[in-house]
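What follows is a single structure, written as structure tokens, with notes after it.
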Amino acid sequence: MDISQIINELGEDREHYFNAVAPPIVQTSNFAFKKVADLSMAFEDEMNGYLYSRGLNPTVDILRRKLAALDGAEDCLVFNNGAAAIFAGIFANVKSGDHLVSVKAPYTWAQRMFDVILPRFGITTTYIDGTRIENWEEATRANTTFYYLESPNSWDFAIQPIKEVAVLAKSKGITTLIDNSYCTPLYQKPIEMGIDMAMQTATKYIGGHSDTLGGVLCGSHAMMKKIFDSEYLNIGSGIQPFNAWLLIRGLRTLPARIERITRSTEEVAKFMQQHPKVDTVLFPLAETFPQYELARQQMKGACGLFTFTLKTDKREPIVQFCESLQHIMMAVSWGGHESLVIPKCAGIKPRDFDPVNNTHKYIRMYVGLEEPQYLIADLEQALSGLD
Ligand SMILES: *Cc1c(COP(=O)(O)O)cnc(C)c1O
4 MDISQIINEL GEDREHYFNA VAPPIVQTSN FAFKKVADLS MAFEDEMNGY LYSRGLNPTV
64 DILRRKLAAL DGAEDCLVFN NGAAAIFAGI FANVKSGDHL VSVKAPYTWA QRMFDVILPR
124 FGITTTYIDG TRIENWEEAT RANTTFYYLE SPNSWDFAIQ PIKEVAVLAK SKGITTLIDN
184 SYCTPLYQKP IEMGIDMAMQ TATKYIGGHS DTLGGVLCGS HAMMKKIFDS EYLNIGSGIQ
244 PFNAWLLIRG LRTLPARIER ITRSTEEVAK FMQQHPKVDT VLFPLAETFP QYELARQQMK
304 GACGLFTFTL KTDKREPIVQ FCESLQHIMM AVSWGGHESL VIPKCAGIKP RDFDPVNNTH
364 KYIRMYVGLE EPQYLIADLE QALSGLD
């Protein structure tokens, strides 16, 4: 289906709500029934009708249909945030005694789940350098039931050979989930590459305005039903109607924003690459990127985030640089209208800062919707203030 049709029409039933262009926010907790038989049917299969908004809700359903189509998936569940989507996608598919293989340094709260929550149930995780298919094969054990991918990683942009990992997983009956937040389905479609579940945080690009959270999990209808009937309903981490409405609104302009951010990122990253005080710039579609060829093959584009290091071995200049920006804000998250930086060393105790470990010097920048020259001028003044 055409992306414009998905975004503007799919799932919308305008004649049922006064031909309003924007859909209604069906802000209700419950739905009334006239017949006991109908109520019984809803109890039997809550994914088949409206009973209670912890399950299905009409506003959320419009969003679900659009997001499933964007990912080329049969079905989709929308959660209150991305971390909840990751949690449900994994938790529904593992049991005591299982072993998981995950890319190293995945998103913080995925890693927290592997390190803190799953071990309580006797479930262990092996972290690997996921860039080579051999590493997946070697880490796989008789009790491995789950592969966790994040491609590209949101800090160093390490990518996995997605199709090969999917083929390997299928041959061993292993379930796969990928965090596709960086690319969104506009730039990468993991379901079409054979991955079972594509997750993305809707807090970032889909919301697009830094004013709401959301998480997307796409996959087969059978997989989504399995998760809906257990984790989705039981943990109650489904998205609320108003937040779903904000995400529908965000979707309307997603391609236009991604296009603009793609162009601006190129310009800003190019400026940083040539600056004498900048050491390295990491960006998956830069020719200097170690996995440039694979990135070109499996991603239609890249934008927004890039990571750089300054020519310094100390923590102080990194701090000084970040604190002297006047327009670019320092904050977590990304995907909104506003440009951001975040230094890796903020999460490392000053005495543990290791100049030999290049990752400690990472500064990640997100390029938002401002004029690129406005951002470049701010970066220039912060860089030139360093001695
Ligand atoms: C933000 C983020 C998440 C989690 O999404 P929330 O909506 O914040 O819970 C997951 N993965 C990546 C790569 C992210 O950047």
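According to the working numbering, the sequence shown is numbered sequentially starting from 4.
By construction, the Cβ of each residue, glycine as well, lies at the ideal position given by its N, Cα and C atoms.
These numbers come from a predicted model, not from an experiment.
query	result
DSSP-derived helix/strand/coil call for L152	strand
Below-8 Å beta-carbon distance, V335 vs any chain D residue	Absent here is chain D; the protein component of the structure consists of one chain.
Residue environment, I6, which counts as buried when at least 16 other CB atoms sit within 10 Å	exposed
Y53 versus I126: straight-line alpha-carbon distance, rounded	35 Å
Opposing strand residues paired with P346 [DSSP bridges]	I366
Sheet register partners of I181 (DSSP bridge)	L152 and A201
Where Q8 falls, given that 16 or more other Cβ within 10 Å makes a residue buried	exposed
Cα-Cα separation, R263 to V271	12 Å
heavy atom of ligand 1 below 7 Å from S240 C-beta	no
Endpoints, the beta strand (DSSP E) within which Y130 is located	T127 to I131
Three-state secondary structure assigned by DSSP to L308	strand
Cβ contact (3+ pairs, closer than 8 Å) linking the stretch 66-84 and the stretch 214-231	yes
Limits of the unbroken alpha helix (DSSP H) element including H224	H224 to I230
Sequence-distant residues of its chain with Cβ nearer than 6 Å to G388 (five each side left out)	S327
Close-in-space but distant-in-sequence residues of the same chain around I321 (CB under 8 Å, 5 per side omitted)	L313, T315, P346, C348, K364 and I366
Ligand 1 heavy atom lying under 7 Å from the CB of D118	no
Cβ-heavy atom distance, N246 to ligand 1, below 7 Å	no
Extent of the continuous beta strand (DSSP E) to which F187 belongs	The sequence as given places Thr at residue 187; Phe does not occur at that position. Note, T187: premise wrong, no beta strand (DSSP E); alpha helix (DSSP H) at T187 to Y190.
Residue burial classification, N237 (beta-carbon count within 10 angstroms, cutoff 16)	exposed
Strand pairing of F82, partner residues [DSSP]	G218 and G241
Three-way DSSP call (helix, strand, coil) for V359 in this model	coil
Backbone secondary structure at L103 - three-state DSSP	strand
heavy atom of ligand 1 below 7 Å from I310 C-beta	This sequence places Thr at residue 310; Ile is not what is there. T310: no, Cβ never under 7 Å from ligand 1.
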